[in-house]
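Novice:
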Amino acid sequence: MSLTSWGPLIALFAASFVIVLAARQMGEIFARIKLPLISGFLFIGIIAGPFVLDFVHAENIPRFLLMDELALAFIAFAAGAELELKVIQGYFRSIVALIAGQVVGVLAVGITAFILIKEMVPFMSVLPLREVVAIALLGATIMIARSPSSALAVIKELRARGPFTHKVLGATILMDAVVIVFFAAGVSVAAALIEGTPFDVGLMLFVLFELLLDVGLGLLIGLTIHLMLKFPVKWIAKITILLIGLGVFVLATELHDVHLLGFPVGIASEPLLICMTAGFVVTNFSRFAVDFRHIIEELSPAVFLIFFTLVGIELELDVMGQIWLVVLILFVVRLVGIVVGTLAATTLTGDRSHNNNLLGLAFLTQAGVSIGLAKEIGVEFAAWGAELATLCIGVIVLNQIVGPPILKWAIAQTGEAHRRADTPAPDDRREAVIFGVEGQSLALARQLTSHGWTVQMVTCQPGIMESLTEDAPPIQLLPQLDLPALRTLDMSHADCAVLLLSDAENYTLCELIYEEFGIENVVVRLVERDNFDKFHALGARVVQPGTAMVSLLDQFVRSPLAASLLLGMEPDEVFMEFEMNNQNLHGVAIRDIHFPLDVLVLSISRRGHRLISHGYSRLEVGDHVTVVGSPDSLAEVEVRLRG
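Each residue of the sequence shown is one higher than the last, beginning at 0 in numbering that gives the first Met the number 0.
This is the structure we're talking about:
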């Protein structure tokens, strides 16, 4: 092949690379305004596609088939990895009932709706009834699908836990497996309908054989991945998993041309079911389950970025412009099917939980697997697959935009959300609450007091009160560490809480402070390293004494002056952090604020992000500004920033 013939392919690759980078940035912008990341990816794909800016021409879209298949296989692996048996075992009966009710409800109203609105959809209006039924079956099947990743993200954000949350999460995760099985059967039935094959017992047995074949292939591939994960080189494992997924699609394509026992329809093997089964096997029956999930988590951002950007590029906007009303109708139809199916399931099983009326609203989200199935239709059915995929993706995008906020509202209504309380309003006083009375905590209290802080110490041990000297700071004795006792401490204006008890007591306090008092700066002294993650998830600053000492010695070796400044060993220069509350300085560049000459602004923390400051950095109200300078100069800086 000559260099000239490679030119268009190189140009397409370069354009796609730039588009994907733009999609990544747009996804971050969408996330900042509380919209799903994938909406940003889809948006850039649509803008760059053949119907808007035409960066990618329509004739080049088939060249993306390889990337589509690779991403679809990965999404199925990820769906299988989410099927952890321990997540669904506790509420298995309720979860199965919910799934059964929703499958029946959504399929019934979905198939009916597709058939009734066929005259409103241009590509359906000219098709014979058997193909319309095939389209209705496939479209309604995709309406069953959920988005475990979106539901999990909302649940993690709210730190939700309780019966309602467990039912929602379990049913959402298991539904992906159910919908892929139904989709595999639906593709086989649809192919038979299109070919004119009679719908009889023979066809149903053939479909059952195809499903069992896919599950068997999935078991073999799961075993292959298990063996491959034994090798220590992880990048080889990542590449191999992707290539295996691609190989599954190649195998499925070859099986389409295989006719058993003279049956007029080829074997409609479903690659997504094969890959999902493999992911399920590795996750639940392999000692390398953690490694497998870690690989999935590492590859997910890149694969989803490329996949959803390509979905936007391939979206047929001319079809979407003709069917936007149909998209809204199907959105409402799906909502009705889910709500009716959920209510029927809870009623028939005798589930009397008082939040059952909200359950139906918790299952609107759709994303990865749903779009993957829609794309699969485009691959399997060339005549009208692309148009049906566009219609389904329109409904999916609407569900993904509307679903997460409604799920968040439903969980909040049940009282199972455990969000951070509002942060105390800033004032002129700096207050700290120290839990635990011992030598280190007493020394810390005295040092903070010398720097102008108001310190309150707390203990639950009456014997400690008797052994204190007269110069000890004020100490509060609590009967126990619970919410009523903490309310007596008046922590509504505290700037910092320091937890120096056991890990179990510290975690109880950390949760109560997070949910009831909203103190942002919580410092925890860790006892067991294994507990680091759960404190970190609550936003606490974790100090492990042994590691902290090693790090401090390391700083003294490599940066002795910085370490001396940090520890306050240089009397003329100290570090301090202030919250900027002066409205007059909002939006003003640091270079335009006349700080004392010996003061240096080191960094700015804004909404949880650390910014490296320079003269043109503009301050905003609520910024946490870290500065170094002499004590007198820093006192002047504090006055200016606090206003």
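All C-beta atoms, glycine included, are put in the ideal place defined by N, C-alpha and C.
Nothing here was measured: the structure is a model prediction, and the numbers come from that model.
Among the candidates 640, 246, 36, whose CA atom is the shortest distance from the CA of residue 308?
Specialist: Of 640, 246, 36, the residue nearest in Cα terms is 36.
Novice: Less than 9 angstroms between the beta carbons of residue 44 and residue 310, yes or no?
Specialist: Contact: yes.
Novice: Using beta-carbon positions only, say whether residue 336 and residue 104 come within less than 9 angstroms of one another.
Specialist: Cβ atoms of residue 336 and residue 104: closer than 9 angstroms.
Novice: Look at the alpha carbon of residue 217 and the alpha carbon of residue 120, and state the distance between them as a whole number of angstroms.
Specialist: One C-alpha to the other measures close to 37 angstroms.
Novice: Would you kindly check if the distance between the Cβ of residue 131 and the Cβ of residue 671 is under 9 angstroms?
Specialist: Given a span of 0 to 642 for the chain in the structure shown, any question on residue 671 remains unanswerable.
Novice: Pull the bridge partners of residue 453 from the DSSP assignment, please.
Specialist: DSSP output for residue 453 lists 430 as bridge partner(s).
Novice: Classify residue 303: buried if its beta carbon has 16 or more other beta carbons within 10 angstroms, exposed otherwise.
Specialist: Result: buried.
Novice: Check the C-beta distance from residue 518 over to residue 496 and give it rounded, since I have them as a contact under 8 angstroms.
Specialist: The pair is a contact, with the Cβ atoms about 5 angstroms apart (cut-off 8 angstroms).
Novice: When the Cβ atoms of the stretch 371-381 are set against those of the stretch 406-426, are three or more pairs found closer than 8 angstroms?
Specialist: Segments in contact, no.
Novice: Could you spell out where the alpha helix (DSSP H) holding residue 551 opens and where it closes?
Specialist: Here the alpha helix (DSSP H) through residue 551 covers 544-557.
Novice: Between residue 123 and residue 389, what straight-line distance do the alpha-carbon atoms span, to the nearest angstrom?
Specialist: Their Cα atoms are separated by approximately 13 angstroms.
Novice: Here's the rule I'm using: 16 or more other beta-carbon atoms within 10 Å means buried, otherwise exposed. How should residue 513 be labelled?
Specialist: Under this definition residue 513 is a buried residue.
Novice: Quick check: the Cα distance between residue 221 and residue 142, rounded to an integer number of angstroms?
Specialist: In a straight line, the C-alpha of residue 221 is about 28 angstroms away from that of residue 142.
Novice: Is it true that the CB of residue 83 sits closer than 9 angstroms to the CB of residue 691?
Specialist: The question about residue 691 has no answer here: the residues shown for the chain are numbered 0 through 642.
Novice: Residue 83 lies in the beta strand (DSSP E); which residues open and close that run?
Specialist: Per DSSP, residue 83 belongs to no beta strand (DSSP E) and is neither H nor E.
Novice: Is it true that the stretch 381-395 meets the stretch 405-416, where meeting means three or more beta-carbon pairs spaced less than 8 angstroms apart?
Specialist: Touching, no.
Novice: Considering residue 104, what are the terminal residues of the alpha helix (DSSP H) in which it resides?
Specialist: Segment 91-115, the alpha helix (DSSP H) holding residue 104.
Novice: Mind checking residue 22: buried by the 16 CB within 10 Å criterion, or exposed?
Specialist: Counting Cβ neighbours within 10 Å, residue 22 comes out buried, since at least 16 surround it.
Novice: Look at the alpha carbon of residue 438 and the alpha carbon of residue 534, and state the distance between them as a whole number of angstroms.
Specialist: Approximately 24 angstroms between the Cα atoms of the pair.
Novice: Measuring only the C-alpha atoms, how far is residue 24 from residue 301?
Specialist: Distance between the alpha carbons of residue 24 and residue 301: 13 angstroms.
Novice: Which first and last residues belong to the alpha helix (DSSP H) in which residue 399 is found?
Specialist: Taken as a continuous stretch (DSSP letters only), the alpha helix (DSSP H) holding residue 399 covers 384-413.
Novice: According to DSSP, simplified to helix, strand and coil, what is residue 624?
Specialist: Strand, per DSSP.
Novice: Could you pull the start and end residues of the alpha helix (DSSP H) that residue 496 belongs to?
Specialist: Run containing residue 496: none in the alpha helix (DSSP H); it sits in the beta strand (DSSP E), 495-498.
Novice: Could you give the DSSP three-state label for residue 593: helix, strand or coil?
Specialist: It is coil, neither helix nor strand.
Novice: Counting C-beta neighbours from all protein chains within 10 Å, is the total for residue 482 16 or more, i.e. buried, or is it exposed?
Specialist: Exposed is the call here.
Novice: Please check the pair residue 278 and residue 78, which I expect to be a contact at CB under 8 angstroms, by giving their CB distance rounded to whole angstroms.
Specialist: Contact flag correct, Cβ pair sits at about 7 angstroms.
Novice: Please report the straight-line C-alpha distance between residue 284 and residue 61, rounded to a whole angstrom.
Specialist: Answer to the nearest angstrom: the Cα atoms are 38 angstroms apart.
Novice: Please list, in chain order, all residues of the same chain as residue 357 whose beta carbon is under 7 angstroms from its beta carbon, the five residues on each side excluded.
Specialist: Hits under 7 angstroms: 409, 412, 413.
Novice: Excluding the five sequence neighbours on either side, which residues of its own chain have a C-beta within less than 7 angstroms of the C-beta of residue 575, listed in chain order?
Specialist: Answer for residue 575: 626, 633, listed in chain order.
Novice: Sort 184, 541, 354, 223 by Cα distance to residue 666 and report the nearest one.
Specialist: With the chain covering 0 to 642 only, the question about residue 666 has no answer from this structure.
Novice: May I ask you to verify whether the stretch 8-16 touches the stretch 51-66, counting CB pairs closer than 8 angstroms and requiring at least 3?
Specialist: Touching, per the Cβ criterion.
Novice: State the beta-bridge partners of residue 576 as determined by DSSP.
Specialist: Looking at the DSSP assignment, residue 576 forms a beta bridge with 625.
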